[in-house]
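The next block holds one structure in the form of structure tokens; read it before the comments.
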Amino acid sequence: MTSRPAAVSPSRRTIRPVAVAGFAIVHLAALGVFWVGFSWSGILLCLASYYLRMFAITAGFHRYFSHRTYRMNRFWQFALAFLGQTSAQRGVLWWASIHRHHHRYSDQPEDAHSPIQRGFWWSHIGWILSDEFRETEIERIPDLEPHRELRWLNRNEYLATMLYAVAMAFAFGPAGLFYGYFLSTVLLWHGTFSINSVMHLFGRRVYETSDDSRNSFLFALLTMGEGWHNNHHHYPGSAAQGFRWWELDFSYYILRAGSRLGIVRDLRAVPARVKAARVNAGARANVEIATAGISLHERVEILSRRWSELEHSAVVAAHHAIDDLNAARASAAARLDALQKEYAAARSRAGRAADRRLEELSAEIDRTREALAETLEALLTAAGGGGGWALESGG
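Residue numbers (the numbering used here): 4 to 398.
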């Protein structure tokens with residue numbers, strides 16, 4: 004793994020022929036289902052393989068490795084990373100690295116797969132076939148890079164998917180290979196890639212975000228909760244992307260079951276304040292119109308009010324400081340009075356033992372006087388800087 008600059012050049016769109024060839028071969032191989040023949044068992048096998056690996060992408064590559072929204076031990080971490088790499092979407096560290104970069108620059112020129120910046124087809128498949136994003140940016144994933152088993156998986160990015168294809172063929176025969184692997188892999192690719200492309204162009208915007216992310220109930224069903232993409236960009240720190248009861252999020256439901264079994268720990272939910280921040284399109288339009296209509300004079304008045312509020316806060320804080328100093332001065336004066344009375348009483352009782360106590364009391368009186376003098380000096384300084392508040396006279 005090597006490091007490259009974070010920003011990318013929008014003008015550079017060199018497609019790797021070997022990547023295009025691999026992409027085309029898997030799509031053509033998916034047509035092998037016509038050779039095998041239609042079967043409901045094949046359809047069910049395709050769907051089971053699709054959703055098993057979709058969970059590994061959504062709950063694993065995305066919510067765990069990219070956003071760290073829950074914790075697992077290293078065994079389950081490796082198992083989820085291995086299962087995710089059976090989807091043939093490159094290595095786990097590469098995936099997490101590119102996704103963190105996406106969130107940092109979502110729909111900005113630096114974003115690797117923004118349909119706003121580079122068009123639909125580039126955001127859907129072109130970017131992953133390009134040589135712009137070959138390397139794993141290890142500086143983006145310092146929390147993952149120390150794990151040797153993850154580095155090994157990332158280096159051998161297609162080993163897991165090849166072993167998965169062999170296992171499907173061995174377990175289920177031709178139907179396992181063509182329905183369970185090739186067809187399900189093609190559907191899995193386009194299901195995952197649609198979040199990058201479709202979900203930044205079509206759907207409903209519930210929250211005001213800096214990008215153009217959107218929500219879709221249909222794509223949430225197809226991607227086990229990833230269709231709540233606007234929710235996710237509003238608050239990516241949650242393991243749940245469906246924020247409300249009707250926003251189905253099957254990846255999160257499985258993670259909750261895993262937490263009850265002790266496999267998943269510290270599962271991060273959506274805070275109530277995040278849900279309450281909902282902004283609909285009409286409210287956004289009103290805010291934008293109101294903001295656009297504010298004149299320079301009105302903005303100056305707003306800033307003046309804010310300055311007055313800050314100045315008032317400073318005055319209140321100064322008053323509190325004066326009160327504290329007055330209290331400290333009164334306490335020191337009271338202590339000094341008590342010491343002087345004890346000194347006078349001890350002196351009246353003369354004697355060698357009293358002499359030692361007198362010396363101790365004399366030393367303590369001197370220290371107290373010094374402390375009182377420092378307090379008074381601080382009090383006078385604060386009073387002089389805050390407008391000359393009157394001080395109580397001390398003993």
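No residue lacks a Cβ here, since even glycine has one placed at the ideal position from N, Cα and C.
How would you label ILE28, buried or exposed, when you count the other beta carbons within 10 angstroms and need 16 or more for buried?
Counting C-beta atoms within 10 angstroms of its own C-beta, ILE28 has fewer than 16 neighbours from the protein chains shown and is therefore classed as exposed.
Based on the DSSP secondary-structure assignment, which residues constitute the bridge partners of ASN233?
In the DSSP output, where bridge partners are listed per residue, ASN233 has none listed.
Quick one: which unbroken alpha helix (DSSP H) runs of 4-plus residues sit fully inside the stretch 28-89? Chain order, please.
Segments of the alpha helix (DSSP H) lying fully in the stretch 28-89: 35-39, 43-58 and 77-88.
If you drop the 5 nearest sequence neighbours on each side, which residues of the same chain put their C-beta closer than 8 Å to that of ASP215?
By the criterion of a C-beta distance shorter than 8 Å, ASP215 is surrounded in its chain by ASP110, ILE119, HIS203, LEU204 and ARG208, once the five residues flanking it on both sides are discounted.
For ILE266, which three-state DSSP category applies?
ILE266: coil per DSSP, three-state reduction.
Thinking LEU339 and THR371 are a contact (beta carbons under 8 Å), I'd like their distance in whole angstroms, please.
Confirmed, Cβ separation roughly 5 Å.
Nearest-angstrom Cα separation, counted from VAL21 out to HIS30:
Straight-line Cα distance between these residues: approximately 14 Å.
Helix, strand or coil at GLY207 [DSSP, three-state]
Before going further, note that residue 207 is Arg rather than Gly in the sequence given. Here ARG207 sits in strand by DSSP.
CB of PHE181 within 9 Å of CB of ALA24, strictly:
Remark: C-beta atoms of PHE181 and ALA24 do not approach each other more closely than 9 Å.
Please confirm whether HIS104 and PRO239 have their CB atoms less than 9 Å apart.
No, these two residues do not count as a Cβ contact at 9 Å.
Closer than 6 Å by C-beta to HIS116: which residues in its own chain qualify, once you throw out the five before and the five after it? Chain order, please.
These residues qualify, in order along the chain: SER126, TRP130 and ASN199.
Mind the definition here: the stretch 62-70 touches the stretch 42-52 only if three or more C-beta pairs lie below 8 Å; say whether that holds.
No: fewer than three Cβ pairs fall under 8 Å.
With respect to the alpha helix (DSSP H) encompassing TYR167, which residues constitute its N-terminal and C-terminal limits?
For TYR167, the uninterrupted alpha helix (DSSP H) segment begins and ends at 162-180.
If you draw a straight line from the C-alpha of VAL39 to the C-alpha of ARG268, how long is it?
Cα-Cα distance, rounded: 43 Å.
Considering only the beta carbon of each residue, do SER52 and GLY183 sit closer than 9 Å?
Contact: yes.
Count Cβ pairs between the stretch 132-151 and the stretch 220-236 that sit closer than 8 Å; are there 3 or more?
Not touching, per the Cβ criterion.
Segment limits, alpha helix (DSSP H) that includes GLN111:
From DSSP, GLN111 is part of no alpha helix (DSSP H); its letter is neither H nor E.
Name, in chain order, the residues that DSSP records as bridge partners for SER213.
Answer by DSSP bridge pairing: none, since SER213 is not bridged.
Hey, is the stretch 143-158 in contact with the stretch 92-100, meaning 3+ C-beta pairs nearer than 8 Å?
Between the stretch 143-158 and the stretch 92-100, the count of Cβ pairs shorter than 8 Å is three or higher; the stretches touch.
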